[in-house]
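Below you'll find the structure, written out as structure tokens, and then a few comments.
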Amino acid sequence: MRIGQGIDVHAFGPGDHVVLAGVHILHERGLIAHSDGDVVIHALCDALLGALALGDIGHHFPPGDPRWKDVNSRHLLLHCAALMIERRYELANADITVICERPKIGPHVDAMRRNLSIDLGCAIGDVSVKATTSEKLGFTGRGEGIAASAVVLLQRRREKVNVSVGSTPELRALVGRLEPDLEGG
Numbered sequence: 315m316r317i318g319q320g321i322d323v324h325a326f327g328p329g330d331h332v333v334l335a336g337v338h339i340l341h342e343r344g345l346i347a348h349s350d351g352d353v354v355i356h357a358l359c360d361a362l363l364g365a366l367a368l369g370d371i372g373h374h375f376p377p378g379d380p381r382w383k384d385v386n387s388r389h390l391l392l393h394c395a396a397l398m399i400e401r402r403y404e405l406a407n408a409d410i411t412v413i414c415e416r417p418k419i420g421p422h423v424d425a426m427r428r429n430l431s432i433d434l435g436c437a438i439g440d441v442s443v444k445a446t447t448s449e450k451l452g453f454t455g456r457g458e459g460i461a462a463s464a465v466v467l468l469q470r471r472r473e474k475v476n477v478s479v480g481s482t483p484e485l486r487a488l489v490g491r492l493e494p495d496l497e498g499g
């Protein structure tokens, strides 16, 4: 088993929504970022990459690279899921905390968990998303931005990959490509 942790932060800027775990949430401000600023997915990617000892999200998706400008961060998560599968690991569980005063996260938690479980090819019960405020302290407390923290536990795959029916076509295609290697030991 392997444990990884990740943290991400983005400042508020112009805009009318934020994207968290692939969910578009109306808000009076957006997040300043090279990609879509999805702090949940960025922290989760760093946790996965850390557990796999593969560096960090900036190494895999450099912020100065125009290919990643305004990209949907779910594509980044699919890449990290592919790295996890290629190394014969699967997600045992993920625990993610969003830190902000606003917007309210609670109404969106189920959709966030669903998106993440689909992209990681795991059960929704293996993914926890929760939120907290910082009691008006620090940059999140002053409403200057959003932070997220993620912890993952990966376990070695012992058998053929079982991708859920609801997983993305990209992940199913990746698993289909990798299954002959996994069956061979």
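Just so we're aligned, residue 315 is where the sequence shown starts under my numbering, counting upward by one. Yeah, the Cβ is synthetic: ideal placement off N, Cα and C, and Gly gets one too. If you're wondering where the values come from, they're calculated on a predicted model, not measured in any experiment.
Per DSSP, reduced to three states, the secondary structure at VAL323 is strand. As the crow flies, the alpha-carbon of ARG427 is around 24 Å from that of GLY457. Cβ-Cβ distances below 7 Å link ASP370 to ASP360 and LEU363 in the same chain, with the five nearest sequence neighbours on each side left out; the list follows chain order. If only uninterrupted alpha helix (DSSP H) runs of at least 4 residues are considered, those enclosed by the segment 419-469 are 423-434 and 452-455.
Looking at the DSSP output, VAL353 bridges to nothing. Contact between the segment 398-408 and the segment 421-440 is present, with at least three C-beta pairs closer than 8 Å. Under a 10 Å Cβ-count criterion, GLY351 is classified as buried, with 16 or more other Cβ atoms of the shown protein chains found around its own Cβ. By alpha-carbon distance to ILE317, the top candidate from LEU366, SER349, HIS324 and PRO376 is LEU366. The Cβ atoms of VAL412 and ALA347 do not sit closer than 9 Å to each other. In the displayed model, ALA335 falls within coil according to three-state DSSP, outside both helix and strand. Of the candidates GLY459, GLU415, ILE355 and THR447, ILE355 places its Cα closest to the Cα of VAL466.
Rounded to the nearest angstrom, the Cβ distance from ILE410 to ALA357 is 7 Å, consistent with a contact under 8 Å.
The DSSP-derived three-state label of ILE399 is helix. When the beta-carbon positions are compared, VAL353 and VAL385 stay at least 9 Å from each other. Between GLN319 and ALA445, the gap from beta carbon to beta carbon reaches 9 Å or more. Assignment of LEU368 by DSSP, reduced to helix, strand and coil, places it in the coil class. Burial state of LEU451 is exposed, judged by a 10 Å Cβ sphere holding fewer than 16 other Cβ atoms.
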